[in-house]
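The sequence shown runs 202 to 605 under my numbering. Quick notes on the structure that follows.
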Amino acid sequence: MSKVLLENDKPEVRDIQRRGWTRMNTAIIGMGNMGSKYARMILAGEVPGLKLTAVTRVNEERLKAIGDVWDENVKVYHSGEDLLAAFDRGEIELEALIVVTPHISHETFVKAGLKRGLHVLCDKPAGVYSRQAREMEEANVHGRVYGYVFHQRTYPAYAALKKLVDEQRYGKLLRVNWIVTDWFRPEAYYHSEPWRAKWSTDGGGTLLNQCPHNLDLLVWLCGMPESVYAWCNEGRYHSIEVEDDASIMMRWENGVTGIFVAATGERCGVNRLELSFEKAVIRCEDGRVRVLEEDPVQSDDMYAAIRCSWKEIDVSGADANAPADQAPAAYVRLLKAFSAACSKGTPLIADSSDARNNIMLINAMYMSSWTRSEVRLPKQDTPEELAFEQKYEELLKTKIESKS
């Protein structure tokens, strides 16, 4: 069996070299909708660096979705705890763990995997409150690869947009506007699982469940806001106790301002991101990126508006349909990046620090809505972060008690 080629000398990479892995033995805890999709991708050979060794129980519907690629050699355990206990007994050999459980239990299994020296890939978000994200990061005492499933960073349109932002081709960023109301969910969705749409078991609504992707992209493109002021409407469209509609104002340290609007109840929703720069406006929508630029010739009339025209940006590989249609390929790209990070030390698509910022931003939005006040975002690893964590958990506890 040939050894994996190495690009650096990180401890986890040396360990792979010593053991001669070509495909990492990988377990998936959580075989729901997404977990079964990841399993199928790995079993179908779409992620050559990963070998599916063990999963938690698979119901008939999910097994049918995996289809004819299912491998009877994959060991199935009743629960995540049973799977990890089997690893401790030496019953299975593992190098990597993918956690795809309800997010309230992400902390339990991420910590368990990291403390056992496994590389871990976790689905979004990093738990329910930001202390969980910080403590999960601190649990990585072996320095293993620890990534998150923020796959939308690899969508061609967003990748092209990131390049334009980083190049500063159009000057400084001035304003951000994102309307993302295409996360429609029917009433049946919220009743499909008993833990959904409750503060005590789900931890939040659209901001915590659907919008982590958009908010991750927002920070990836524009940086972490300095403060937020939010209005979250609970049960506006559905019979649920958490929010299904949110409008947020944001402010950055450098003076940039922004608005973020999200909903899961608008039947004709849109996903439109606009970034206003000194010299242009960039719009990203439906997998397309367009730029509104000033025309070379302008009127000298003092009352005339600035003449501008739109031009299309070539987004190589972009799908002309809705961005969701790009998801399968994006998941494969992210899984491949995780495998490469473990075996070659190459960068992850998104790491634990990104996920920590993500959940902190969401918590700040909830805190602002509950207190009807502007909330400042703390920096990581500061006393202000600890105070923020404590205040949020107190407010969340009060929220849960009010619904019981």
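Every residue, glycine too, gets a C-beta built ideally from N, C-alpha and C. These numbers were taken from a predicted model, which means no experiment stands behind them.
Measuring only the C-alpha atoms, how far is residue i from residue j?
i, j, result
"Glu-615", "Ser-393", "Here the chain has residues from 202 to 605 only, and residue 615 is not among them."
"Ala-525", "Tyr-359", "Any reading at Ala-525 must be qualified, since the residue scores a pLDDT of 46, below 50, and its modelled position is unreliable; no value is offered."
"Ala-519", "Gln-527", "Caution is warranted here: a pLDDT of 49 is assigned to Ala-519, below 50, making its placement in the model unreliable, and the coordinate value is therefore given only provisionally. Ala-519 and Gln-527: Cα-Cα distance of roughly 8 angstroms."
"Ala-542", "Phe-351", "15 angstroms"
"Lys-604", "Leu-408", "19 angstroms"
"Phe-461", "Arg-335", "25 angstroms"
"Val-329", "Asn-410", "10 angstroms"
"Leu-315", "Val-321", "7 angstroms"
"Gly-344", "Lys-480", "43 angstroms"
"Lys-512", "Leu-416", "26 angstroms"
"Glu-296", "Gly-233", "22 angstroms"
"Ile-229", "Cys-433", "34 angstroms"
"Met-425", "Glu-467", "28 angstroms"
"Lys-399", "Val-443", "6 angstroms"
"Ala-286", "Val-275", "16 angstroms"
"Arg-440", "Ala-431", "Checking the sequence, you will find Ser at residue 440 rather than Arg. Taking the straight line from one Cα to the other gives about 21 angstroms."
"Leu-493", "Asp-487", "17 angstroms"
"Ile-514", "Leu-419", "20 angstroms"
"Phe-288", "Asp-324", "21 angstroms"
"Trp-384", "Ala-266", "23 angstroms"
"Arg-491", "Val-270", "40 angstroms"
"Val-575", "Met-451", "Reading off the sequence, residue 575 comes out as Glu, not Val. Rounded to whole angstroms, Glu-575 to Met-451 spans 9 angstroms at the Cα level."
"Asn-558", "Arg-489", "27 angstroms"
"Gly-231", "Val-300", "6 angstroms"
"Lys-252", "Thr-572", "48 angstroms"
"Thr-465", "Cys-485", "20 angstroms"
"Pro-326", "Trp-421", "15 angstroms"
"Asp-445", "Gln-353", "21 angstroms"
"Ile-483", "Tyr-504", "25 angstroms"
"Tyr-438", "Leu-474", "23 angstroms"
"Pro-579", "Glu-585", "6 angstroms"
"Glu-602", "Val-342", "35 angstroms"
"Gln-333", "Ala-340", "10 angstroms"
"Ser-477", "Cys-412", "22 angstroms"
"Gly-546", "Thr-599", "43 angstroms"
"Leu-298", "Arg-397", "24 angstroms"
"Ser-448", "Asp-272", "46 angstroms"
"Ser-517", "Pro-529", "17 angstroms"
"His-414", "Ala-556", "10 angstroms"
"Met-202", "Leu-319", "No answer about Met-202 holds up, because its pLDDT of 23 lies below 50 and its placement is not dependable."
"Leu-596", "Glu-292", "43 angstroms"
"Tyr-390", "Lys-364", "36 angstroms"
"Ala-523", "Gly-406", "Model confidence at Ala-523 stands at a pLDDT of 42, short of 50, so the residue's coordinates are unreliable; what they give is reported in the following sentence. Straight-line Cα distance between these residues: approximately 23 angstroms."
"Gly-268", "Thr-227", "19 angstroms"
"Ala-588", "Ser-570", "18 angstroms"
"Gln-369", "Gln-499", "24 angstroms"
"Ile-243", "Arg-290", "25 angstroms"
So residue i and residue j are supposed to be a Cβ contact under 8 angstroms. How far apart are they, rounded?
i, j, result
"Ile-550", "Leu-535", "5 angstroms"
"Val-471", "Ile-380", "6 angstroms"
"Tyr-532", "Tyr-239", "7 angstroms"
"Val-377", "Gly-459", "3 angstroms"
"Ser-401", "Asn-564", "Ser-401 to Asn-564, Cβ: 16 angstroms. No contact."
"Ile-305", "Gly-404", "6 angstroms"
"Thr-254", "Gly-281", "That belief does not hold up - the Cβ atoms of Thr-254 and Gly-281 are roughly 14 angstroms apart, past 8 angstroms."
"Asp-496", "Ser-510", "6 angstroms"
"Cys-423", "Leu-375", "So it is not a contact: roughly 11 angstroms between Cβ atoms."
"Met-225", "Ser-540", "7 angstroms"
"Pro-382", "Ala-463", "This sequence places Thr at residue 382; Pro is not what is there. Contact flag correct, Cβ pair sits at about 7 angstroms."
"Met-566", "Val-429", "5 angstroms"
"Arg-263", "Ser-237", "4 angstroms"
Verify the contact flag: residue i, CB atom, against every heavy atom of the ligand MN, threshold strictly below 7 angstroms.
i, result
"Ser-237", "Among the ligands in the structure shown, none appear at all, so the ligand MN cannot be discussed."
Can you name the residues that DSSP bridges to residue i?
i, result
"Lys-512", "Val-492"
"His-320", "Ala-297"
"Thr-355", "None; Thr-355 has no bridge partner."
"Ile-460", "Asn-378 and Met-450"
"Ala-225", "For clarity, residue 225 is Met in the given sequence; the question names Ala instead. DSSP output for Met-225 lists Leu-251 as bridge partner(s)."
"Phe-478", "Leu-374"
"Val-429", "Met-451 and Val-576"
"Ile-507", "According to DSSP, which records beta bridges pairwise, Ile-507 is partnered with nothing at all."
"Gly-466", "Per DSSP, none; premise fails for Gly-466."
"Ile-434", "Correcting the residue type first, residue 434 is Asn in the shown sequence and not Ile. Asn-434 is bridged to Asp-446."
"Arg-290", "DSSP lists no partner for Arg-290."
"Cys-485", "Leu-474 and Val-490"
"Ile-230", "Val-300"
Secondary structure, alpha helix (DSSP H): runs of 4+ residues fully inside the segment 237 to 282: Within the segment 237 to 282, complete alpha helix (DSSP H) segments of at least 4 residues are found at 261 to 267, given in chain order.
Check whether the segment 347 to 365 touches the segment 589 to 596, taking contact to mean three or more Cβ pairs, one atom from each stretch, closer than 8 angstroms. Between the segment 347 to 365 and the segment 589 to 596, the count of C-beta pairs closer than 8 angstroms stays below three; the two stretches do not touch.
Are the segment 303 to 314 and the segment 247 to 263 touching, with three or more C-beta to C-beta distances below 8 angstroms? Verdict: no, contact absent.
Which runs of the alpha helix (DSSP H) spanning at least 4 residues fall entirely within the segment 377 to 408, listed in chain order? Here the runs fully enclosed are 388 to 391.
Counting only runs that start and end within the segment 542 to 593, where is the alpha helix (DSSP H) found for 4 or more residues in a row? Counting whole runs of 4 or more residues, the segment 542 to 593 contains the alpha helix (DSSP H) stretches 553 to 572.
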